[in-house]
Every structure is written in structure tokens, then in C-alpha cells.
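>
There are 2 protein chains.
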Amino acid sequence: MAKRALVFLAPGAEEMEAVISIDVLRRGGIDVTVAGLPDSNLVACSRGVNIKPDISISEASSKGPFDVVVLPGGLGGSKALSESKEVGQLIKDQEKAGRWTAAICAAPTALKAHGTYVGKNLTSYPAMEAQLAEGGQYNYKQDAVVVDGNLITSRGPGTAFDFALTIVDKLNGKEKASEVAKAMLLSY
Amino acid sequence: MAKRALVFLAPGAEEMEAVISIDVLRRGGIDVTVAGLPDSNLVACSRGVNIKPDISISEASSKGPFDVVVLPGGLGGSKALSESKEVGQLIKDQEKAGRWTAAICAAPTALKAHGTYVGKNLTSYPAMEAQLAEGGQYNYKQDAVVVDGNLITSRGPGTAFDFALTIVDKLNGKEKASEVAKAMLLSY
Chain A
1 MAKRALVFLA PGAEEMEAVI SIDVLRRGGI DVTVAGLPDS NLVACSRGVN
51 IKPDISISEA SSKGPFDVVV LPGGLGGSKA LSESKEVGQL IKDQEKAGRW
101 TAAICAAPTA LKAHGTYVGK NLTSYPAMEA QLAEGGQYNY KQDAVVVDGN
151 LITSRGPGTA FDFALTIVDK LNGKEKASEV AKAMLLSY
Chain B
1 MAKRALVFLA PGAEEMEAVI SIDVLRRGGI DVTVAGLPDS NLVACSRGVN
51 IKPDISISEA SSKGPFDVVV LPGGLGGSKA LSESKEVGQL IKDQEKAGRW
101 TAAICAAPTA LKAHGTYVGK NLTSYPAMEA QLAEGGQYNY KQDAVVVDGN
151 LITSRGPGTA FDFALTIVDK LNGKEKASEV AKAMLLSY
């Protein structure tokens, strides 16, 4: 059985981070479902690319479990992920069950908004460092990709390939991630 | 007046190459229009991401001139670009007028299919080298990004950021490209 991923897609999501995650995971043999917020209608991303999700976030809640849930960044997108009860519940379910959660750029702020993964090492887009470090719930790192337990976080568009390849590595092994990287003319 | 770009989006286009081009050019202050083939309905890209173009390819033909036309890769997408008379005419118009054309991954094969940019240095996804080198119309290079006259070509997903930043550089200057790169946590 293929591993399963759920990628959240909210208005204002950073489309490169969303699409690199979806595409690289599918190249890595992962069965990816794209869940739209608030529903499955066309989503206007941060730089005006309009993407059609596979299902709505409420449908997603009944289609689990997912081996990983992925939170792309973008300011508007991350705010929507922070405010969504369904997203919060899905992240809490991942944490409780020891399944993977992966967030990039501004999206790690949604982990904090939902009170999840407290005590973990994480990173984010540099501009969100103060917000995430405040209160001491997290141990902020400045690495391109940070893995702590079942949490994967990363920094922005320029680290999105490494972020997605790390997810492939954790779900399907380093050899698969390296093979996917090579076909994209990258190394992992 | 902002510089204008037309990005072709055909079924089977590599969605990372398309979205990185659109997003980075918009970050670089370029007015980007996404033209769908065969029309402006939802386009199913190579790894199943569904993107809504801004206009149809036939509308695009009457909305020029564009400072650059951009051809994302993907096998299916490149085949559709190779077979489209409208795409061929738009590329020929660019070449004749000394405006920019940019193609990545498998898409440089469409330049050859339309008999354009003969005699130029170019590159592509490595698997297309033989097809492009055959017949001697082009001087094949293996660099990540190749600029020759008003033609920009590049190799694949792993070189897509550099490809898009090079377009920003040529249209709006190196300083702008560097600024866009920095905000994405890359360098240019």
C-alpha cells in the first residue's frame, strides 16, 4: 500500500511550496490528496496562481489516516491554517498517533496556533522566528530543514525541494528520495 | 509600464516549472498572463495538479506583444506546445521582433518543432539532448541556464528557480533578480 499524504491548500498559500510538495511527493510514490480550504473550489494562491483542490477540508477529515499532513506557507495561507478547526484537529491527530506533520515557511505558526508539537525543535521563514520563539514552547533552529520526532519544518521557497525530499525520505527511504532528486537534476 | 510575460500552460506541463516561472516573475514585478491550451479550462499538469489559466491560447494571440513568452517543460506539455500553431506563431513573432523566449526541460523541443532560433546555443532536460543536437540546427550546451541573444533555456525542475530569476534579470535587472532571490532564501 502506498503511503498517503494530505496537503492543505488555503487561499494565499505560497503556490511554489504547495506545488513542489505535491509534485515531489507524487514522484516519490506517495498517494497525495490536496484538501482545499474552505471547500474544494478553486484556490487563489499568494501570487495569483489558481489551483483546484482534490477535496474539501471537511471531506479530508473523514478520509484519514494520512501518513503525513503537509502545511505549505504563504502569509494568507498560514493564517487560514491557523484559524481552521479541521486543520487543528488533523494536526493533533497526527501528533497523538505518532504520524508525520510537515510545515514550511510561515506555516509553522499554525502548529503554534493549534498548541501542537510543543517542546520540539523547529524552523520557519526567518520573519516568523520572533513569533515562534516567543513563549518558549519551541526550540527555534535556523537550518534549512529541521526534523524532530515526527515533525518536519523548513524555511521557504528556496528550501522547498529539500523539504519535500525529506518527506519522501522519511516515508519511503533515502534511496527513493535520492532517485527522485536525481530525476529533477538535484541531489539528496 | 510593467514588463509583460505570457506563460503557456498545456496538459502535461511540469507544474513546478510552470508555477515557479509564474510566481518568480510576478515577484519580480512582471505582469504575467497564463495562457491555457487548448482553452482556458482547468489544465491537468504532469503530476496531477489542476491549474486554471487566465486566458486561452487563442485569446493570448491578440493580447500581445509580450516581452517574454515562457515554455514550461513536461513531456505531454512540450508535445502540445510543439503541435500548437498559435504557440509556434507567438514564438516566431518573438524571434522576429527581438523579444525574449524562455524554455525549460523538455520544452526546447518545441522551439525546434516550430523551426525557431536556429543556430542558437541552448540546453534542455538531459534526455532531450540527442533530439535537439540531431540535424545540427542548435549548439547544445549542458549549463543550468543558457542565454543566447533573446533566447533563455534551462534543464529541469532543479534549475527552475535560476531559469525564472534569469528572466527577471533580463527584463528588470540583476538587482531586482537578486532581491527576489533573497526573499525566497536563494542567491542570484
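Going down the list, the sequences are from chains A and B. Counting from 1, position 60 in the first sequence corresponds to residue 60 in UniProt numbering; the numbering is continuous, with no gaps. Counting from 1, position 21 in the second sequence corresponds to residue 21 in UniProt numbering; the numbering is continuous, with no gaps. A virtual CB, placed ideally from N, CA and C, is assigned to each residue, including glycine.
Between Met-184 of chain A and chain B, is the shortest Cβ-Cβ distance under 7 Å, so that the two count as touching?
Taking Cβ atoms only, chain B reaches closer than 7 Å to Met-184 of chain A, which makes this a yes.
> Got a sec: is the Cβ-Cβ distance from Met-16 of chain B to anything in chain A below 7 Å?
Met-16 of chain B counts as touching chain A.
> For Lys-63 of chain B, count the other beta carbons within 10 Å of its own beta carbon; 16 or more makes it buried, fewer makes it exposed. Which is it?
Exposed, since its Cβ has fewer than 16 Cβ neighbours within 10 Å.
> Restricting to Cα atoms, I'd like to know which of B:Ala-80, B:Leu-111, B:Tyr-117 and B:Ala-35 is closest to Gly-98 of chain B.
Measuring from the Cα of Gly-98 of chain B, the nearest candidate turns out to be B:Tyr-117.
> Can you list, in chain order, the residues of its chain whose CB lies under 8 Å from that of Ser-178 of chain B, leaving out five sequence neighbours each side?
These residues qualify, in order along the chain: Ser-187 and Tyr-188.
> CA-CA distance, Leu-122 of chain B and Ser-40 of chain B?
Rounded to the nearest angstrom, the two C-alpha atoms are 30 Å apart.
> Would you call the region 157 to 167 of chain A in contact with the region 101 to 112 of chain A, where contact means no fewer than 3 C-beta pairs closer than 8 Å?
As far as the Cβ criterion goes, the region 157 to 167 of chain A touches the region 101 to 112 of chain A, which means the pair count is three or higher.
> Evaluate the contact criterion for the region 28 to 42 of chain B versus the region 16 to 25 of chain A: three or more CB pairs, one atom per stretch, below 8 Å.
With the cut-off at 8 Å, the region 28 to 42 of chain B and the region 16 to 25 of chain A do not touch.
> DSSP three-state label for Ala-103 of chain B, please.
Of the three classes helix, strand and coil, the one that applies to Ala-103 of chain B here is strand, per DSSP.
> Can you give me, in chain order, the residues of the region 130 to 160 of chain B that have a beta carbon less than 7 Å from any beta carbon in chain D?
This model lacks chain D altogether; the protein chains it does include are A and B.
> Let me check understanding here. Comparing Cα to Cα, which of A:Ala-13, A:Met-16, A:Glu-86 and A:Asp-93 lies closest to Ile-57 of chain A?
When only C-alpha atoms are compared, the closest one is A:Glu-86.
> Taking the Cβ atom as the reference point for each residue, do Leu-37 of chain A and Val-69 of chain A lie within a distance shorter than 7 Å?
Going by C-beta atoms, Leu-37 of chain A is not nearer than 7 Å to Val-69 of chain A.
> Considering only the beta carbon of each residue, do Leu-132 of chain A and Asp-67 of chain A sit closer than 7 Å?
Taking 7 Å as the Cβ cut-off, Leu-132 of chain A and Asp-67 of chain A do not qualify as a contacting pair.
> Helix, strand or coil for Lys-52 of chain B? Go by DSSP, reduced to three states.
Three-state result, Lys-52 of chain B: strand.
> Just list the residues that DSSP pairs Leu-6 of chain B with in beta bridges.
B:Thr-33 and B:Val-69.
> Report, in whole angstroms, the separation of the C-beta atoms of Ala-2 of chain A and Gly-29 of chain A, which I expect to be a contact under 8 Å.
Going by Cβ atoms, the distance from Ala-2 of chain A to Gly-29 of chain A rounds to 6 Å, so yes, they are a contact pair.
> If you drop the 5 nearest sequence neighbours on each side, which residues of the same chain put their C-beta closer than 6 Å to that of Gln-94 of chain A?
If we look at Gln-94 of chain A and ignore the five residues flanking it on each side, its Cβ neighbours are Val-69 and Thr-101.
> Which residues in the same chain as Pro-157 of chain B place their Cβ atom closer than 7 Å to its Cβ, once the five residues preceding and following it in sequence are excluded?
Cβ neighbours of Pro-157 of chain B beyond the five flanking positions: Glu-14, Met-16 and Glu-17.
> Please confirm if Leu-42 of chain B has its CB atom under 7 Å from at least one CB of chain A.
Yes, Leu-42 of chain B counts as interfacial toward chain A.
> So which of A:Val-146, A:Ala-144 and A:Leu-81 has the shortest CA-CA distance to Gly-115 of chain A?
Of A:Val-146, A:Ala-144 and A:Leu-81, the residue nearest in Cα terms is A:Leu-81.
> Considering only residues of the same chain and omitting the five flanking positions on each side of Ile-55 of chain B, which have a CB-CB separation below 8 Å?
Closer than 8 Å at Cβ, skipping near neighbours: Thr-33, Val-34, Ala-35, Gly-36, Ser-40 and Lys-63.
> Work out the CA separation of Met-184 of chain A and Glu-175 of chain A for me, nearest whole Å.
Distance between the alpha carbons of Glu-175 of chain A and Met-184 of chain A: 14 Å.
> By how many angstroms is the C-alpha of Glu-83 of chain A removed from the C-alpha of Val-147 of chain B?
When rounded, the distance between both Cα atoms is 45 Å.
> Between the alpha carbons of Leu-75 of chain A and Gly-149 of chain B, how many angstroms are there, rounded?
Cα-Cα distance, rounded: 38 Å.
> Measuring straight from C-alpha to C-alpha, what distance separates Val-7 of chain A and Tyr-140 of chain A?
Roughly 24 Å separates the two Cα atoms.
> For Val-43 of chain A and Tyr-125 of chain A, I'd like the C-alpha separation in whole angstroms.
Distance between the alpha carbons of Val-43 of chain A and Tyr-125 of chain A: 22 Å.
> Identify the continuous beta strand (DSSP E) that holds Val-147 of chain A and give its terminal residues.
Where Val-147 of chain A is concerned, the enclosing beta strand (DSSP E) stretches over 145 to 148.
> When DSSP builds the beta bridges, which residues end up paired with Asn-139 of chain B?
B:Asn-121.
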